[in-house]
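Below: the structure, in structure tokens.
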Amino acid sequence: MTRDKGKMFIFTAPSGAGKTTIVQHVLQKFPFLGFSVSATTRTKREKELDGRDYYFLSKEEFDRKISEGAFAEWEEVYTGLFYGTLHKEIERVWQEGRHLVFDIDVQGALRLKKLFGHRCMSIFVKPPSTEVLVQRLTARNTETPENLAKRIAKMKEENQFENHFDMVLVNDILPIACTEAEHIVQTFVFGIDQS
Ligand code: ADP
Ligand code: 5GP
364 MTRDKGKMFI FTAPSGAGKT TIVQHVLQKF PFLGFSVSAT TRTKREKELD
414 GRDYYFLSKE EFDRKISEGA FAEWEEVYTG LFYGTLHKEI ERVWQEGRHL
464 VFDIDVQGAL RLKKLFGHRC MSIFVKPPST EVLVQRLTAR NTETPENLAK
514 RIAKMKEENQ FENHFDMVLV NDILPIACTE AEHIVQTFVF GIDQS
């Protein structure tokens, strides 16, 4: 994949809407996709691996990368927690001959869309309701009560942006949402839906 042929799929959503689940599904289904591993200053969760899920950086390392201009976009997604997409990561996946898949927040998604324009399909994953989203986040059991509250507050902000994206994908029944995501990917890569 050369730089001029590579496409991008940006999945964005309020935390808990199910974008990681859907992203993992399309990555498994389509070997021609590659995940953009973000850098973050948040602490690693039990099942996460450095370099696979995120590049876990100290705040000092993250700041150094900002000053070096290493990020295509970065964001303080939650107070004191920084996340960003490294230019190098975009090049790495394209060099491997794959189209990129991102799992990033709404502001980062808008920024990448602005940078990469028509090569980029932006998808807002939407939970069927706020109540369902809170239930899913609580059931995932990965957040402290403080972090859970931060995520719920941010969700209310992020929900206002759904009209800024190319597609809205409602994640109610998971297999249906996954099939819809497959159709979006195939249509954007091949021009037709091959399923
Ligand atoms: P996000 O990456 O948007 O924060 P996740 O993919 O981690 O969200 O999903 C949040 C939780 O909800 C996870 O425990 C996941 O297994 C569950 N989940 C995702 N989609 C559905 C769905 N359609 N129905 C029920 N549970 C779901
Ligand atoms: P989590 O801590 O649950 O893994 O992610 C928190 C939020 O940060 C999610 O909305 C996720 O999509 C977002 N995020 C992850 N990586 C990036 C990134 O590189 N840039 C931006 N802007 N947001 C990111």
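Heads up: the sequence shown runs through residues 364 to 558, numbered per the numbering used here. A virtual CB, placed ideally from N, CA and C, is assigned to each residue, including glycine.
Quiz item: From 495, 471 and 391, pick the residue whose C-alpha is nearest to that of residue 541; which is it?
Solution: Taking the sequence shown and counting its residues from 1, one reaches residue 541 at position 178. Closest in C-alpha terms to residue 541, from the list 495, 471 and 391, comes 391.
Quiz item: Between the Cα of residue 551 and the Cα atoms of 402, 483, 488 and 427, which residue gives the shortest distance?
Solution: Looking up residue 551 in the sequence shown gives position 188. By alpha-carbon distance to residue 551, the top candidate from 402, 483, 488 and 427 is 483.
Practice problem: Starting from the N-terminal side, write out each stretch of the beta strand (DSSP E) that is 3 residues or longer and does not extend beyond the region 457 to 488. | Solution: Every beta strand (DSSP E) of 3 residues or more that sits fully in the region 457 to 488 is shown, in chain order, as 462 to 466.
Quiz item: Since residue 553 is in the alpha helix (DSSP H), which residue starts that stretch and which ends it?
Solution: For this step, residue 553 is matched to residue 190 along the sequence shown. Its alpha helix (DSSP H) spans residues 537 to 553.
Self-check item: Three CB pairs or more closer than 8 Å across the region 453 to 467 and the region 397 to 405
Solution: Yes, the region 453 to 467 is in contact with the region 397 to 405.
Quiz item: Looking at the structure shown, is residue 435 part of a helix, part of a strand, or coil, going by DSSP?
Solution: Taking the first residue of the sequence shown as position 1, residue 435 is located at position 72. Assigned with DSSP and collapsed to three states, residue 435 falls in strand.
Practice problem: Could you tell me whether the Cβ atoms of residue 419 and residue 445 are closer together than 7 Å? | Solution: Position 56 of the sequence shown, counted from the start, is the residue given in the question as residue 419. Position 82 of the sequence shown, counted from the start, is the residue given in the question as residue 445. For residue 419 and residue 445, no; Cβs fall outside 7 Å.
Self-check item: Secondary structure of residue 401, DSSP reduced to three states
Solution: Mapped onto the sequence shown, residue 401 falls at position 38. Note: residue 401 maps to strand in three-state DSSP.
Quiz item: Quick one: does the C-beta of residue 514 sit closer than 6 Å to a heavy atom of the ligand ADP?
Solution: Taking the first residue of the sequence shown as position 1, residue 514 is located at position 151. Because no heavy atom of the ligand ADP lies under 6 Å away, the Cβ of residue 514 does not count as near it: no.
Practice problem: Confirm the yes/no value for this check: CB of residue 503, any heavy atom of the ligand ADP, distance under 6 Å. | Solution: For the purposes of this step, residue 503 is taken as residue 140 along the sequence shown, with counting starting at 1. The ligand ADP has a heavy atom closer than 6 Å to the beta-carbon of residue 503.
Exercise. Mind reading off the beta-carbon distance from residue 514 to residue 525? Whole number of angstroms is fine, and I expect it under 8 Å.
Key: Locating residue 514 in the sequence shown gives position 151, where the first residue counts as 1. Locating residue 525 in the sequence shown gives position 162, where the first residue counts as 1. Not quite, the Cβ-Cβ distance comes to about 17 Å (not below 8 Å), so this is no contact.
Practice problem: List the endpoints of the continuous alpha helix (DSSP H) containing residue 425. | Solution: Here residue 425 refers to the residue found at position 62 when the sequence shown is read from its first residue. For residue 425, the enclosing alpha helix (DSSP H) stretches over residues 422 to 430.
Exercise. Taking only the alpha-carbon atoms, compute the straight-line gap between residue 491 and residue 375 and give it to the nearest angstrom.
Key: Counting from one through the sequence shown, the residue named residue 491 turns up at place 128. Counting from one through the sequence shown, the residue named residue 375 turns up at place 12. Answer to the nearest angstrom: the Cα atoms are 15 Å apart.
Quiz item: Contact check, residue 530 vs residue 378 under 8 Å by CB: the rounded distance?
Solution: To locate residue 530, count along the sequence shown from 1; it is residue 167. To locate residue 378, count along the sequence shown from 1; it is residue 15. In fact, because the Cβ distance is near 19 Å, the residues do not count as touching under 8 Å.
Quiz item: Distance, Cα to Cα, residue 502 vs residue 386?
Solution: Taking the first residue of the sequence shown as position 1, residue 502 is located at position 139. Taking the first residue of the sequence shown as position 1, residue 386 is located at position 23. A straight-line Cα-Cα distance of about 19 Å links residue 502 and residue 386.
Exercise. Please confirm whether residue 449 and residue 472 have their CB atoms less than 7 Å apart.
Key: For the purposes of this step, residue 449 is identified with residue 86 of the sequence shown, where counting begins at 1. For the purposes of this step, residue 472 is identified with residue 109 of the sequence shown, where counting begins at 1. Cβ atoms of residue 449 and residue 472: not closer than 7 Å.
Quiz item: Is the beta carbon of residue 401 within less than 6 Å of some heavy atom of the ligand 5GP?
Solution: Taking the sequence shown and counting its residues from 1, one reaches residue 401 at position 38. Residue 401: yes, Cβ under 6 Å from the ligand 5GP.
Quiz prompt | Cβ distance (whole Å) where residue 488 is taken to contact residue 534 below 8 Å | solution = As a working mapping, residue 488 is identified with position 125 in the sequence shown. As a working mapping, residue 534 is identified with position 171 in the sequence shown. Sure, about 5 Å apart at Cβ, within 8 Å.
Quiz item: Along the chain, where does the alpha helix (DSSP H) that runs through residue 406 open and close?
Solution: Reading the sequence shown from its first residue, position 43 is the one you call residue 406. Here residue 406 belongs to no alpha helix (DSSP H), and DSSP marks it neither H nor E.
Practice problem: Compare the C-alpha of residue 486 against each of 476, 528 and 474 and name the closest. | Solution: Here residue 486 is taken as the residue at index 123 of the sequence shown, counted from 1. Minimum Cα distance to residue 486 is reached at 528.
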